[in-house]
Amino acid sequence: MVEFVFLGDSLTYGFPYGPTASWVNLSAEKLGVSFLNLGVCGDTLEDMKERFKRERILGNTLVLLGGTNDIYVNRPTSEILQDAREIITVAKERNFSAIVLASPLPVLEEEWADERLKILGRKYREIAGELGVKYLDFYEPFKKLLKNNPGVLIDGLHPSREGYRFMAQIFLSFLGIENDF
14 MVEFVFLGDS LTYGFPYGPT ASWVNLSAEK LGVSFLNLGV CGDTLEDMKE RFKRERILGN
74 TLVLLGGTND IYVNRPTSEI LQDAREIITV AKERNFSAIV LASPLPVLEE EWADERLKIL
134 GRKYREIAGE LGVKYLDFYE PFKKLLKNNP GVLIDGLHPS REGYRFMAQI FLSFLGIEND
194 F
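Using the numbering used here, you'd call the opening residue of the sequence shown number 14 and step up by one each time.
And the structure:
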């Protein structure tokens with residue numbers, strides 16, 4: 014069984030560089046732990062839910078990061094939240110010892126999408142509290158970084174290599190691990 018299972022979309026996968034440049038890989042290397050990067054470009058939370066159920070994946074800690082693609086295909090927030098709840102429920106049934114629900118990143122240019130992502134992050138925080146899982150906020154630290162460094166998103170949506178290093182720093186700090194990239 015692996016230590017960490019990271020379930021997500023292109024932001025988990027490491028697009029456009031590939032998994033070796035992802036925040037997932039950077040974090041796992043720093044921690045020296047076994048991990049699965051289950052990031053699939055274009056996945057919605059519904060896709061992740063079906064994949065997670067079907068593949069019967071086991072691990073100690075699940076980190077779920079999704080919602081951006083859902084927003085861009087205009088899925089209702091209620092459906093996104095229901096999918097997140099179902100993934101968390103399945104993870105609990107599979108005895109994951111820790112579950113982390115992470116907020117999506119902010120986006121540049123499309124204000125409507127950024128506003129929905131901000132709201133989705135707040136809703137994730139509420140769900141995490143209700144379901145007794147941990148909440149990881151990527152949105153606010155990234156939003157602050159973007160004010161002076163818009164280059165951390167290469168296309169207004171996906172992180173640059175620097176952006177992925179910043180995500181790894183956020184995650185490792187969340188775990189209480191000293192880090193410097």
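Think of the CB as a built atom: it goes at the ideal place given N, C-alpha and C, for glycine as much as any other residue.
Pairwise C-beta distances place the segment 50-63 in contact with the segment 96-115, as three or more of them are shorter than 8 angstroms. The three-state secondary structure of Gly176, taken from DSSP, is helix. Per DSSP, reduced to three states, the secondary structure at Ile190 is coil, with no helix or strand assignment. If the five residues before and after Ile140 are omitted, its C-beta is found closer than 7 angstroms to the C-beta atoms of Leu94, Ala97, Arg98 and Leu114, all from its own chain and listed in chain order.
Here Glu143 carries a helix assignment [DSSP, helix/strand/coil]. If you ignore the 5 residues before and after Arg129, its C-beta comes within less than 8 angstroms of the C-beta of Ile84 and Thr90, all in its own chain and listed in chain order. A straight line joining the alpha-carbon of Leu44 with that of Leu121 spans about 31 angstroms.
At a Cβ-Cβ threshold of 7 angstroms, Pro119 and Asp127 count as neighbours.
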